[in-house]
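Chains as they are written, first to last, in my numbering: chain A, 1 to 167; chain B, 1001 to 1816.
To keep things clear, I will list the structure first and then write my remarks on it.
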């Protein structure tokens, strides 16, 4: 199992990595902690696609340094509030990555996601792009609210990676 | 003359060094006897305390070791110094050669012939050579022949030559044996510890006893004694009692526990005085009592078990047969000044019969090894116990957090339900907590806001109502009002001794009262009482304090979150007035939610990590991070409360008190630590507090609302760390001018322009660069700090200096 965690909160990410490492023994877990890093490495991920991506929504662009990368227009306009959504769009635009399952793992509530995504009828977690009907073969996107228990996330990862394997 | 070592000397040396056992001393004597065609050989040593005055001697010689072929009976075990040929040799320092045992005399003395051994073996002649051992003690080497063939002058020279080697060889054998025993014990304990380190739980007491028994066996075989016993205090299950862990003489030992008491025999004395004891011969204890008590004041020993007969039984000796010295040595097992137990050895089976000072020193080393091992094991057990307690606490706290989390998301959070849940948790995690309640203040009184335990439901309805509606004046000297006023935990381990409670609360034995508070904000007290015989567990105080703090935090959040919706409406209105986009308004509230729930979630998740890591070193780092997360939650909650007031254009109320240097430094330190803990360690942002610059507060008066000041500092510190470049230091200092005292927080990081410096106190403002590095926050921190400073008649200044930003809080100086 190859998992990428995108989260700018080091305390959250450290905990998550420890929990996932415990369950998915011998797995490769990478941590990406800024939107800029995710964008910079997208081609690298396309060459060796992960099995699943766990993505926070509110992400910083970068860390303080004397040569900080410039903010692209869309980031300048929307700010950090929608960084995870932008990363998802970038992913969907890559042939090698568009079918990699992604879970928005966030403290945001369902209502906060509904501006861009729709929940698949009858499902508590599965999402589809707004205005587009959900198809069985569609790239799996899901939502899970962050909690202090890793079990729900692990179950969702199992569910999404299993469905991918069946396809 | 040949340069080669004579054969008999080579033989003696190689025999003496051939084994790591004391029994080889006999082997050495055998080799010696055979070298001069003697029938047998005895190595004698002078009893400690004897007087070696040639004119007026006193005391004895005793057998250190002997060798005889086909020995049917032990040789005599002691000889008087003044009434024996061997004694004469020792006193004169000269070799004495007795040609005919039955006829010869020496200075009018006949050889000492009181022992049946002489008759049984048929000894006819012997030679006694005086010796001086390397520890300074005197002795003699006697060689015996059964034929009437006296030792010739040549043989006398040969004997002298061989005897001159004996002290060094004797010492070498003892050293090797001692080294070996220490090495072997170390091996046993290392093996045991290695094995234990692979297990999740410490070894059982039974297993530990087995390891200690192995040590006992080893010590017994080393000192060739009958008994080695080890007593240790298991302070977890039987504090104050030293129980028998292992012995090699279980038939004889009837006493399985000792206490620290001079009345508890020699072992009790060792435990009481933490001092080693050696006694030459227990058989003569009554005779030597005065001498012994001179060395060990207060020591007394009753031979209840009749040791002489017990030794006879073990050795199969008849009553008329002589006993060798029944030597005893015991040393305390200590760790620093703490006495963990004692190890004792008694009654050597073979020579050397006396436990020398050297043997005692070795036993001390053995005791040191046992001490380390035992302390480690006890430490592991305590940690295990701690883990269990913490696990129970963490489980309950997580459950409580979830409960509160759910409660807070409701339209109107119900604080009573939160209190009740906390009381349930308290009763689960503090053993013996039977009567528990939460008391809140109302009009100068404390009332019961929630109760838990059977006590509250005892009696008829009227009695129950009366009990629950009782109130306590804050002016009373009750523990509740004391804790509410001081904000510190109060423990009463024996309620009957307290003036206020004595007679009022029959049946209540102990109590802990913890404040319910967040920083300086006090909400009430958590009162825990027990009636049973068993004390509260040692961690009860820490747990009560922790639960009080949690409760304070939850109440704070409940108040704050409950008002959030109203605030949102007000703020939306305000923001709309300022023509901000609708999306931005939503984002600010999304962010507020994110900021408030994230740390609660994470703290709870981290508690799980703590449980996994405990007792590793990583656990303390996790605990610090949990502390940092709670600190962050508190800061956000307070931000929300202040936004609410400011949005309604309500002025911030201040409760001014004089600010003291240490208080301020503690605030700065705690806040800087919390902010640093939230950072990724790879960025290595450090901080420094210039303490002397705050001394001005000792001579000048500055009044602040401590709660608000701490909040302002937390907001500034968060910014300073968040916007710092890696590997830089946040400098914290103080200063004063004629009219002002200021706190300065400087960091090197994202630069701020002069224009931005003015703008950044506006609500929602963030500089272009600051927007790149934040993943949460709504740009309200400095806006709030600015208001806090205005409420203090002070000011906030942001001074840009190239890459460095100096943020200062100015407070008016009241008087010099």
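From the three backbone atoms N, C-alpha and C, an ideal C-beta is built for every residue, glycine too.
Bear in mind the structure is a predicted one, so any value in this text is a computation, not a measurement.
Exercise. If we count the other Cβ atoms within 10 Å of its Cβ and call it buried at 16 or more, is residue 151 of chain A buried or exposed?
Worked result: exposed
- Just by C-beta distance, which residues in the segment 1737-1753 of chain B are closer than 9 angstroms to chain A? 1749 and 1750
Check distances from the C-beta atoms of the segment 1627-1641 of chain B to those of chain A and list, in chain order, the residues that come in under 9 angstroms. 1628 and 1629
* Asked: Shorter than 9 angstroms from the beta carbon of residue 4 of chain A to some beta carbon of chain B?
  -> no
Against residue 61 of chain A, what residues of chain B qualify as contacts under a CB-to-CB distance less than 9 angstroms, listed in chain order?
1771, 1772, 1773, 1774 and 1775
**Request:** Would you mind telling me which residues of chain B sit closer than 9 angstroms to residue 72 of chain A, beta carbon to beta carbon, in chain order?
**Result:** Neighbours of residue 72 of chain A on chain B: none; closest Cβ ~11 angstroms, over 9 angstroms.
Chain-order list of residues whose beta-carbon lies under 6 angstroms from that of residue 13 of chain A (same chain, five-residue window excluded) = Sequence-distant partners of residue 13 of chain A (beyond 5 residues in either direction) whose C-beta falls short of 6 angstroms from its own C-beta, in its chain, are 5, 7 and 31.
Among the candidates B:1628, B:1639 and B:1018, whose CA atom is the shortest distance from the CA of residue 1763 of chain B? B:1639
Going along the chain, which residues of its own chain have a beta-carbon closer than 6 angstroms to the beta-carbon of residue 1161 of chain B, five neighbours each way excluded?
So no residue of the chain qualifies.
Contacting residues, own chain, Cβ-Cβ under 6 angstroms from residue 1581 of chain B (five flanking each side not counted)
For residue 1581 of chain B, the predicted structure reports a pLDDT of 45, less than 50, and the residue's modelled location is therefore unreliable. A value from the coordinates is still provided. In the same chain as residue 1581 of chain B, and ignoring 5 residues on each side of it, no C-beta atom comes closer than 6 angstroms to its own.
Practice task
Please list the partners that residue 66 of chain A has in chain B, where partner means a Cβ-to-Cβ separation under 7 angstroms.
Solution key: Listed along the chain, the chain B residues whose CB falls inside 7 angstroms of the CB of residue 66 of chain A are 1725.
Helix, strand or coil for residue 1193 of chain B per DSSP?
helix
Item to check | Rounded C-alpha distance that separates residue 1488 of chain B from residue 74 of chain A | outcome: 53 angstroms
Going residue by residue through the segment 1252-1305 of chain B, where are the continuous alpha helix (DSSP H) segments of at least 4 residues, counting only ones entirely within it? As summarised for the segment 1252-1305 of chain B, the continuous alpha helix (DSSP H) elements at least 4 residues long and confined to that stretch are 1265-1273 and 1285-1295, given in chain order.
Using 9 angstroms as the threshold, is the C-beta distance between residue 1081 of chain B and residue 1063 of chain B below it? Taking 9 angstroms as the Cβ cut-off, residue 1081 of chain B and residue 1063 of chain B do not qualify as a contacting pair.
- Task: Kindly indicate which three-state DSSP category residue 1652 of chain B falls into: helix, strand or coil?
- Result: coil
- Task: Check the C-beta distance from residue 126 of chain A over to residue 111 of chain A and give it rounded, since I have them as a contact under 8 angstroms.
- Result: About 17 angstroms; that fails the 8 angstroms criterion.
Limits of the unbroken alpha helix (DSSP H) element including residue 1031 of chain B: Element bounds for residue 1031 of chain B: 1024-1035.
Q: Taking only the alpha-carbon atoms, compute the straight-line gap between residue 67 of chain A and residue 1749 of chain B and give it to the nearest angstrom.
A: CA-to-CA, the gap between residue 67 of chain A and residue 1749 of chain B works out to about 11 angstroms.
For a test of the three-state rule: what should DSSP assign to residue 1099 of chain B, helix, strand or coil? The answer is coil: DSSP assigns residue 1099 of chain B none of H, G, I, E or B.
Checklist entry - Near residue 1507 of chain B, which residues of its chain fall below 6 angstroms by C-beta distance, leaving aside the five closest residues on each side in sequence? => result Cβ neighbours of residue 1507 of chain B beyond the five flanking positions: 1531.
Next on the checklist: Rounding to the nearest angstrom, what Cα-Cα distance links residue 1194 of chain B and residue 1211 of chain B in this structure?
Outcome noted: 13 angstroms
Specify, as a first and last residue, the run of the beta strand (DSSP E) that residue 118 of chain A falls within. Bounds of the beta strand (DSSP E) holding residue 118 of chain A are 117-119.
(Q) Would you call the segment 49-56 of chain A in contact with the segment 92-100 of chain A, where contact means no fewer than 3 C-beta pairs closer than 8 angstroms? (A) yes
Inset, instruction - Pull out every residue of the segment 1387-1406 of chain B whose Cβ sits closer than 8 angstroms to any Cβ of chain A, in chain order. - result: 1398, 1401 and 1402
Identity of the residue in B:1804, B:1267, B:1197 and B:1288 nearest residue 1228 of chain B by Cα: B:1267
**Item:** Residue interval of the alpha helix (DSSP H) (run including residue 22 of chain A)
**Value:** First-last of the alpha helix (DSSP H) with residue 22 of chain A: 10-23.
- prompt: beta strand (DSSP E) containing residue 1795 of chain B: first to last residue?
  reply: 1795-1801
Worksheet item: Would a C-beta distance cut-off of 9 angstroms place residue 1494 of chain B and residue 1509 of chain B closer than the cut-off?
Response: yes
ask   = What's the call for residue 1463 of chain B, buried or exposed, on a 16-neighbour Cβ count within 10 Å?
value = exposed
ask   = Are residue 1310 of chain B and residue 1252 of chain B closer than 9 angstroms when you measure CB to CB?
value = yes
In angstroms, rounded to a whole number, what distance separates the CA positions of residue 77 of chain A and residue 1776 of chain B?
16 angstroms
Notebook entry, point to check: Considering only the beta carbon of each residue, do residue 1137 of chain B and residue 1039 of chain B sit closer than 9 angstroms?
Noted result: no
I want to know whether the segment 1363-1374 of chain B touches the segment 1382-1398 of chain B - three or more CB-CB distances under 8 angstroms.
no
| task | Give the DSSP-derived three-state secondary structure of residue 1176 of chain B in the structure shown. | result | helix
From residue 1579 of chain B to residue 1427 of chain B, what does the alpha carbon distance come to, in whole angstroms? Only weak support exists for where residue 1579 of chain B lies, its pLDDT of 47 falling under 50; the value from the coordinates is given anyway. C-alpha separation (whole angstroms): 53 angstroms.
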